Structure formats: structure tokens, C-alpha cells
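Trainee: Under UniProt numbering, the sequence shown has 6 at position 6, and the numbering climbs by one with no breaks.
No residue lacks a Cβ here, since even glycine has one placed at the ideal position from N, Cα and C.
Everything numeric in this text was worked out from a predicted model, so none of it was measured.
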Amino acid sequence: MRMLRIFRLAKALRVLRLISMIKPLRVLLKSLASTMGTLGWCLLMFAVILFLFSLVFVLRVANYFRDSGDDLNPAEVSRLMAAYGSVSRTMLTAWSDSYAALVVMIGQSITRRWSQQDF
């Protein structure tokens with residue numbers, strides 16, 4: 001049993017040695033690894049900005065509820081609470097809306113390119 005494990009390890013090491021012989025792949029992986037810190041800071045900055053906008057949205061919805069009083073439609077209240085009931089829920093809503101907008105823009109760009117091509 002122990003010999004089988006050693007053979008498997010040797011096989012894995014051979015594959016790693018083969019990958020390390022491919023210099024462009026090594027350079028690419030090294031550059032990706034070196035940008036992880038910058039990516040982390042970008043994601044943190046995005047989260048802070050998203051948090052601040054979400055806080056503003058929650059405060060605006062709370063002011064809307066306070067100013068409207070009893071004149072609110074219960075369906076509208078439940079819809080607003082589902083999307084903007086808390087800061088974390090608002091962050092999720094804002095992120096999903098921005099992601100959906102990005103997907104739509106990419107889809108429109110691809111469709112535009114396909115429609116301009118002659119087949």
C-alpha cells in the first residue's frame with residue numbers, strides 16, 4: 001500500500017516537473033500570483049463603496065416609509081423590504097443589479113458584433 005502511494009507521488013511530481021519546463025506558462029502563473037494583492041485591495045475598495053451606497057439606499061427607504069405614513073401599499077412595502085430591508089440585503093441587491101447590467105451589456109455587444117458579420 002505504501003509503495004502505491006509513493007508511485008502516485010512520483011507520478012504527480014513528474015507532471016509538475018513537466019509543467020515547470022514550460023516557461024511561458026510559468027511566467028503567466030507567476031504574474032497572476034503577483035497580482036493577487038492588488039486584486040484583494042480592489043475587491044475591498046469595491047465592498048466599501050458598495051457598503052456606503054447601500055447605507056444611503058437603506059436610509060432613503062426608511063425616510064420614504066416615515067414620510068409616507070399609512071398611505072403605503074402593503075405590496076410595495078414588502079417589495080421594498082425584500083430588496084432594501086437591511087444594509088446586507090441592499091448590498092446583495094446592488095451587487096446583483098450591477099452584475100446583471102454587466103451581463104446585459106456584454107450580451108448586447110456580442111449580439112451587435114454578430115449582426116454586423118456577413119456569413
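According to the neighbour-count rule (16 or more other Cβ atoms, all chains shown, within 10 Å of its Cβ), is S96 buried or exposed?
Mentor: Taking the first residue of the sequence shown as 1, we reach residue 96 at position 96. So S96 counts as exposed.
Trainee: Taking buried to mean at least 16 other C-beta atoms within 10 Å of its own C-beta, is S54 buried or exposed?
Mentor: As a position in the sequence shown, residue 54 is number 54, starting the count at 1. Looking at its Cβ environment, which holds 16 or more other Cβ atoms inside 10 Å, S54 is buried.
Trainee: Give the DSSP-derived three-state secondary structure of I106 in the structure shown.
Mentor: Along the sequence shown, one-based indexing puts residue 106 at 106. I106 falls in the helix class under three-state DSSP.
Trainee: Under the rule that 16 or more other beta-carbon atoms within 10 Å means buried, what is Y99, buried or exposed?
Mentor: By 1-based counting over the sequence shown, the position of residue 99 is 99. Taking every protein chain shown into account, the CB of Y99 has fewer than 16 other CB atoms within 10 angstroms, so this residue is exposed.
Trainee: Are three or more beta carbon pairs between the segment 39-53 and the segment 19-31 nearer than 8 Å?
Mentor: no
Trainee: State yes or no: is the C-beta of F46 within less than 7 Å of the C-beta of Y84?
Mentor: Working through the sequence shown from its first residue, we reach residue 46 at position 46. Working through the sequence shown from its first residue, we reach residue 84 at position 84. Not a contact, by the Cβ cut-off of 7 Å.
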